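Peer 1:
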Amino acid sequence: MKERWEERTQTPLLVLAVAFGIAYAVPIVAPDAAPWVHRLCTHVEWAVWAAFALDYLVRLALAPARWAFVRSHPVDLLAVLLPMVQPLRLLRVVSTLLLVGRRARMAPQITLTTYVAGAVVGLMMFGSLAVLHVERDAPNGNIKTLGDAVWWSFTTMTTVGYGDHAPTTGLGRVLAVGLMLSGIALLGVVTANIAAWFIARFDRDDEVERRQTELLEALTREVRELRAEVARLSAPPSGTPDGPELPAPISPRS
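Mapping of the sequence shown onto numbering that gives the first Met the number 0: position 75 corresponds to residue 74, and the numbering continues sequentially without gaps.
(1) From what residue to what residue does the alpha helix (DSSP H) around glycine 169 run?
(2) Would you call the region 39-58 and the region 9-24 touching, i.e. three or more CB-CB distances under 8 Å?
(3) Just how far apart, CA to CA, sit tyrosine 55 and valine 14?
(4) Quick check on this structure: which residue in Lys143, Leu128, Ala129 has the alpha carbon closest to the alpha carbon of alanine 135?
(5) How big is the Cα-Cα spacing for threonine 167 and glycine 187?
(6) By the three-class DSSP mapping on this structure, what secondary structure does isoleucine 21 have?
(7) Measure the CB-CB distance between threonine 154 and methionine 179 and report whether it falls below 8 Å.
(8) Please report the distance separating the alpha-carbon of glycine 177 from that of aspartate 205.
(9) Just confirm the distance between the C-beta atoms of valine 74 and leucine 59, as a whole number of angstroms; I'd bet it's less than 8 Å.
(10) Do the CB positions of arginine 174 and valine 207 come within less than 8 Å of each other?
(11) Would you call serine 253 buried or exposed, if buried means 16 or more other Cβ atoms sit within 10 Å of its Cβ?
(12) With distances taken Cα to Cα, identify the nearest neighbour of glycine 121 among Tyr161, Gly182, Ala62.
(13) At what residues does the alpha helix (DSSP H) containing tyrosine 161 begin and finish?
(14) Would you kindly check if the distance between the Cβ of leucine 131 and the Cβ of isoleucine 27 is under 8 Å?
(15) Would you identify the three-state DSSP class for histidine 37, choosing helix, strand or coil?
(16) When burial is assigned at 16 or more other CB atoms within 10 Å of the CB, is alanine 67 buried or exposed?
(17) What residues in its chain sit with their C-beta under 8 Å from that of valine 149, if we drop five residues either side in the sequence?
(18) Alpha carbon to alpha carbon, how far is threonine 190 from alanine 217? Give it in angstroms, no decimals.
(19) Measure the alpha-carbon distance for proline 34 versus histidine 42 and round it to whole angstroms.
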């Protein structure tokens, strides 16, 4: 029952996640938009978070062992509770990203490469928007445009850190720490994936070589057995003289 629910809600929740991304980006990219646009975006953000929270509660109710489900899904519980602790917009972003990432990992049709690529794009996009929202009005901030924010996110996630753009507020630096840790983690996943691919390729080559060696050894044994059989069949029977049999001598008559 729980698996059926997760399978049916997979696509709708991912669509809601895209809607959340749009609702989060619009007020930051267009801060001069009409007030009703900002209110609509806020309502969409809360609605998406509520949908993911409802999904967690339904899966908890359908789980055979509820306490085991809670213990095995701590990230889901934390993501659901985060926005309730403090009505901070950034917490809704973090919680929604965690929930979307959790559901994406559960989808069997999403490969590791697709997941990593989506995580990189998502983190870069939301990191850029979040730091722009925090740093744009900072007195000493130097991240004032979306281009500056995207460049800063890219250099931070790749751990290059040119230093031409850097957050100056406390919340902006918290974002930087989270983005750096996420970039290191994703880089580790990519490196491990590449290493695993090479190891699997070498294992396949070794397996082919091992099978060829075993086949050659089997053929060698068969040739030896055939030679032994041929030698046995061509050998004279035991007790038979080597030369041709001569007639017995005739004794003279007396």
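Beta carbons: idealized from backbone N, C-alpha and C, even for Gly. Note that the coordinates shown come from a computational prediction; the quantities given were computed from them, not determined experimentally.
Peer 2: Concretely, from the data shown:
(1) On the sequence shown, position 170 is the one that residue 169 refers to. Residues 169-233.
(2) yes
(3) Start at 1 with the first residue of the sequence shown, and residue 55 comes out as number 56. Start at 1 with the first residue of the sequence shown, and residue 14 comes out as number 15. Distance between the alpha carbons of tyrosine 55 and valine 14 is about 17 Å.
(4) Your numbering for residue 135 matches position 136 in the sequence shown. The identity of residue 135 in the sequence shown is arginine, whereas the question assumes alanine. Cα-wise, what sits closest to arginine 135 is Lys143.
(5) For this step, residue 167 is matched to residue 168 along the sequence shown. For this step, residue 187 is matched to residue 188 along the sequence shown. So the alpha carbons of these two residues sit roughly 28 Å apart.
(6) Position 22 of the sequence shown, counting from 1, holds the residue named residue 21. Three-state DSSP puts isoleucine 21 in a helix.
(7) In the sequence shown, the residue the question calls residue 154 occupies position 155. In the sequence shown, the residue the question calls residue 179 occupies position 180. No, these two residues do not count as a Cβ contact at 8 Å.
(8) Numbered from its first residue, the sequence shown carries residue 177 at position 178. Numbered from its first residue, the sequence shown carries residue 205 at position 206. Distance between the alpha carbons of glycine 177 and aspartate 205: 42 Å.
(9) Along the sequence shown, one-based indexing puts residue 74 at 75. Along the sequence shown, one-based indexing puts residue 59 at 60. So it is not a contact: roughly 14 Å between Cβ atoms.
(10) Against the sequence shown, residue 174 aligns to sequence position 175. Against the sequence shown, residue 207 aligns to sequence position 208. Here the sequence assigns leucine to residue 174, which means arginine is not the residue at that position. Not closer than 8 Å, so no.
(11) Translated into positions along the sequence shown, residue 253 becomes position 254. Per-residue confidence for serine 253 stands at a pLDDT of 47, beneath the threshold of 50, marking its modelled position as unreliable; the derived number appears in the next sentence. Exposed, by the Cβ-count rule.
(12) The residue given as residue 121 occupies position 122 in the sequence shown. Closest option to glycine 121, Cα to Cα, is Gly182.
(13) The residue labelled residue 161 in the question sits at position 162 within the sequence shown. Note, tyrosine 161: premise wrong, no alpha helix (DSSP H); not H, not E.
(14) Locating residue 27 in the sequence shown gives position 28, counting from the first residue. Locating residue 131 in the sequence shown gives position 132, counting from the first residue. Contact flag set, yes.
(15) Taking the first residue of the sequence shown as 1, we reach residue 37 at position 38. In the structure shown, histidine 37 sits in a helix (DSSP, three-state: H, G or I).
(16) Residue mapping note: residue 67 aligns to position 68 of the sequence shown, counting from 1. Burial call: exposed.
(17) For the purposes of this step, residue 149 is taken as residue 150 along the sequence shown, with counting starting at 1. If we look at valine 149 and ignore the five residues flanking it on each side, its Cβ neighbours are Met123, Ser127.
(18) Counting from one through the sequence shown, the residue named residue 217 turns up at place 218. Counting from one through the sequence shown, the residue named residue 190 turns up at place 191. Rounded to the nearest angstrom, the two C-alpha atoms are 40 Å apart.
(19) If you number the sequence shown from 1, residue 34 lands on position 35. If you number the sequence shown from 1, residue 42 lands on position 43. Rounded to whole angstroms, proline 34 to histidine 42 spans 12 Å at the Cα level.
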